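Using the UniProt record's numbering, read the sequence shown as starting at 1 and increasing by one per residue.
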Amino acid sequence: EDQRLAQELLSSPKDRAENIMIVDLERNDLGRVCQYGSVHVPELLTIEEYPTVFHLVSTIKGTVPPDKDNVDIVKACFPGGSITGAPKVRAMEIIDELEPTRRSVYTGAIGYLDFGGQMDLNIVIRTFIIKENRAYFQAGGGIVADSDPEAEYQETLDKARALMEAVSQG
């Protein structure tokens, strides 16, 4: 069953289109701060397996010139294209127009930047925020031109359900 699901994800035109769109966007973002010609994609459309989900993953790398640092990289790439969509600025405007509540830390970043030049940041999804003895979370999905609205809605419910089950079992 797992192999079938992984293969289904890997061969999904919608998921492939979404991933490739984000790869193009992130290549562009990194290209603004990396050495000319150094941005490349060593892994495109690979499957990563986690306990409850498979992810379609691509890796984008580039060489940072001496006059740039991690803050420049974050400025160029934040917010992540997998969250905003493309074109990034217009997508953020539409999100702001359509969503009834602010996202808070959802789809922001959690991680660290240290004085030695290292950093590790993750986009905040599938995360609970606890405030005044209440737990909150948000869920969503990626929309592309050939998305099926019902399937996207179901994907969002499935993501939310997984979080609810984690709380109810813990």
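Even glycine gets a Cβ: it sits at the ideal position worked out from N, Cα and C. In this text the structure is predicted, and so the values were computed from the model without any measurement.
Query raised in the report: Fully enclosed by the stretch 35-77, which beta strand (DSSP E) runs are 3 residues long or longer?
Result: 40-49 and 54-61
Query - Identified DSSP bridge partners for R134 - result: Position 134 of the sequence shown, counted from the first residue, corresponds to residue 134. In the DSSP output, where bridge partners are listed per residue, R134 has K131.
Query raised in the report: In chain order, what residues of the same chain have a beta carbon less than 7 Å from the beta carbon of D15, not counting five sequence neighbours either side?
Result: To locate residue 15, count along the sequence shown from 1; it is residue 15. Result list for D15: L9 and L56, in chain order.
Requested in this report: Quick one: residues in its chain with C-beta nearer than 8 Å to the C-beta of T156, no 5 flanking neighbours on either side, listed in chain order?
Outcome: Position 156 of the sequence shown, counted from the first residue, corresponds to residue 156. Correct list, in chain order: A139, G140 and G141.
**Report entry** Exposure label - G117; buried when at least 16 CB within 10 Å
**Finding:** Translated into the one-based positions of the sequence shown, residue 117 becomes position 117. With fewer than 16 Cβ atoms within 10 Å of its Cβ, G117 is classed as exposed.
Requested in this report: Starting from the C-beta of I73, find all residues in its chain whose C-beta is less than 7 Å away, skip the five residues before and the five after it, and write them out in chain order.
Outcome: As a working mapping, residue 73 is identified with position 73 in the sequence shown. So the list reads V33 and V64, once near-sequence residues are dropped.
Query raised in the report: Exposed or buried, what is D67 when buried is set at 16 or more other beta-carbons lying within 10 Å of its beta-carbon?
Result: Taking the sequence shown and counting its residues from 1, one reaches residue 67 at position 67. Per the 10 Å Cβ criterion, exposed.
**Report entry** I60 to S82 span [Cα, whole Å]
**Finding:** Sequence index remark: in the sequence shown, residue 60 carries index 60 (1-based). Sequence index remark: in the sequence shown, residue 82 carries index 82 (1-based). Whole-angstrom Cα-Cα distance: 13 Å.
Query raised in the report: With DSSP run on the structure shown, which of helix, strand or coil describes A6?
Result: What you label residue 6 is simply residue 6 of the sequence shown in a count that begins at 1. Helix.
**Report entry** Where the beta strand (DSSP E) through A91 begins and ends
**Finding:** One-based indexing of the sequence shown puts residue 91 at position 91. Taken as a continuous stretch (DSSP letters only), A91 belongs to no beta strand (DSSP E), being part of the alpha helix (DSSP H) at K88 to L98.
Requested in this report: Answer yes or no: do A17 and F54 have a C-beta to C-beta separation smaller than 7 Å?
Outcome: For this step, residue 17 is matched to residue 17 along the sequence shown. For this step, residue 54 is matched to residue 54 along the sequence shown. Contact: no.
Requested in this report: Pull up the distance between the alpha-carbon of T46 and that of I22, whole angstroms please.
Outcome: As a working note, residue 46 is residue 46 in the sequence shown. As a working note, residue 22 is residue 22 in the sequence shown. The straight-line gap from Cα to Cα measures roughly 14 Å.
Query - First through last residue of the alpha helix (DSSP H) which encompasses A17 - result: Taking the first residue of the sequence shown as position 1, residue 17 is located at position 17. Here the alpha helix (DSSP H) through A17 covers P13 to G31.
**Report entry** Distance between I130 and A166 (C-alpha atoms, nearest Å)
**Finding:** Position 166 of the sequence shown, counting from 1, holds the residue named residue 166. Position 130 of the sequence shown, counting from 1, holds the residue named residue 130. Each residue's alpha carbon lies about 15 Å from the other.
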